[in-house]
Structures are given as structure tokens and as C-alpha cells.
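Residue numbers (my numbering): 27 to 169.
Using N, Cα and C, we set each Cβ at its ideal position, and we do this for glycine too.
Written out below as C-alpha cells is the structure these notes cover.
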């Protein structure tokens, strides 16, 4: 899968990139601001976005996700140290096709989640790509 990472902590973004690439995913880019995240998602159309909720002092991953939802249904996986916060959980639930993972990231949980997202994406793609079964018609010479 093609993944975008939106994370303001450079070392964490690098660690996520290495981990995801080891799992066979392609990290198409990283961003550390709202504007950078929007540009990355619009330009590169990832299959999944991994997003921090707090991006520096003023930017918000939740705000970016709402902006992304205006033009894309890409799955968004929020990775945050605030996952246990009821208000954060409620906000994430209010965003369609969004998921929540604790920081520090539990590798098994994230891998399981990404595999599930990939399976749903493949199932949706194959149901759109494969034509509906046709019944066999007898050929006729009548034109």
C-alpha cells in the first residue's frame, strides 16, 4: 500500500517510515504541518494516511482530516498519545473512515489495522473491477 505520514516529530516519522517499508508498504512522503499534509494527500493520493493529532504548536491532525474528507475518503489512522482521552476518541469517531492507535505505536496493533484496511480496499477494488456475471445468450443470425 502507498502510505503518507503526517508527523511533526522527525525521528518518529523516520521510525514509522522504516517500519512500514519493512512490512512491504511504500511511504510516498511525510509532512509535518496542515498545509504539507493537504498538499501530500492531494498530489500523491495515498491508500492510507498515518496522522498525528497534534502537529506542532498550532496545527491539528483532526483539522487536516476534516479538510481531507471534503475531497477524499482515504483511511486515516491517527497515532497519538491522547488515544485514551474521551474527547479525542469522540472527535476521531466523528470523522468517517478514521482509526485510532496509541503512541508509542504498538507495532502488532498497527500492522493488524493496516492489513484490515488493505483487505477491505482490495475487496472493494475487485468488486468494482470485475464485471458482474453474465448469463449465456444463444447467438442469433437475425440482425
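Legend entry - Among 109, 113, 151 and 138, nearest to residue 126 - alpha-carbon criterion: For the purposes of this step, residue 126 is identified with residue 100 of the chain shown, where counting begins at 1. Comparing Cα-Cα distances from residue 126 to each of 109, 113, 151 and 138, the minimum goes to 109.
Legend entry - Length of the line joining the Cα atoms of residue 83 and residue 150: Mapped onto the chain shown, residue 83 falls at position 57. Mapped onto the chain shown, residue 150 falls at position 124. Residue 83 and residue 150: Cα-Cα distance of roughly 38 Å.
Inset, instruction - Less than 8 Å between the CB atoms is what I'm expecting for residue 31 and residue 41, so what's the real figure, rounded? - result: Position 5 of the chain shown, counted from the start, is the residue given in the question as residue 31. Position 15 of the chain shown, counted from the start, is the residue given in the question as residue 41. Contact flag wrong, Cβ pair sits at about 10 Å.
Inset, instruction - Below 7 Å CB to CB, which residues in the same chain sit around residue 95 once its five sequence neighbours on both sides are set aside? - result: In the chain shown, residue 95 corresponds to position 69, counting from 1. Within the same chain, Cβ atoms closer than 7 Å to the Cβ of residue 95 are found at 121 and 122, the five residues on either side in sequence being excluded.
Inset, instruction - Identify every run of the alpha helix (DSSP H) within the stretch 82–127, keeping only runs that are complete inside it and at least 4 residues long; order them along the chain. - result: For the stretch 82–127, whole alpha helix (DSSP H) runs of length 4 or above, ordered along the chain, are 87–95 and 112–119.
Inset, instruction - Could you spell out where the alpha helix (DSSP H) holding residue 62 opens and where it closes? - result: Position 36 of the chain shown, counting from 1, holds the residue named residue 62. Here the alpha helix (DSSP H) through residue 62 covers 60–70.
Inset, instruction - Leaving out five residues on either side along the sequence, give the residues of the same chain with a beta carbon under 7 Å from the beta carbon of residue 74. - result: Residue numbering aside, residue 74 sits at position 48 when the chain shown is read from its first letter. In its chain, beyond the 5 residues on either side, 27, 29, 100, 101, 103, 140 and 143 have a beta carbon closer than 7 Å to the beta carbon of residue 74.
Legend entry - Whole-number beta carbon distance between residue 81 and residue 59, since they are thought to touch under 8 Å: Position 33 of the chain shown holds residue 59. Position 55 of the chain shown holds residue 81. About 6 Å separates the CB atoms of residue 59 and residue 81; that is less than 8 Å, so the two are in contact.
Inset, instruction - Alpha carbon to alpha carbon, how far is residue 124 from residue 93? Give it in angstroms, no decimals. - result: One-based indexing of the chain shown puts residue 93 at position 67. One-based indexing of the chain shown puts residue 124 at position 98. Between the alpha carbons of residue 93 and residue 124 lies a distance of about 13 Å.
Inset, instruction - Give the DSSP-derived three-state secondary structure of residue 77 in the structure shown. - result: Position 51 of the chain shown holds residue 77. Three-state DSSP puts residue 77 in a strand.
Inset, instruction - Taking only the alpha-carbon atoms, compute the straight-line gap between residue 68 and residue 34 and give it to the nearest angstrom. - result: Looking up residue 68 in the chain shown gives position 42. Looking up residue 34 in the chain shown gives position 8. Distance between the alpha carbons of residue 68 and residue 34 is about 19 Å.
Inset, instruction - Give the secondary structure of residue 129 by DSSP, where H, G and I count as helix, E and B as strand, and everything else as coil. - result: Against the chain shown, residue 129 aligns to sequence position 103. Looking at residue 129 - three-state DSSP - the assignment turns out to be coil, as it is neither helix nor strand.
Inset, instruction - Output the distance between the C-alpha atoms of residue 89 and residue 49, rounded to the nearest integer angstrom. - result: Here residue 89 corresponds to residue number 63 of the chain shown, with the count starting at 1. Here residue 49 corresponds to residue number 23 of the chain shown, with the count starting at 1. So the two alpha carbons sit approximately 29 Å from each other.
Legend entry - Assigned exposure category for residue 53 - 16 Cβ within 10 Å defines buried: By 1-based counting over the chain shown, the position of residue 53 is 27. Flag for residue 53 reads buried.
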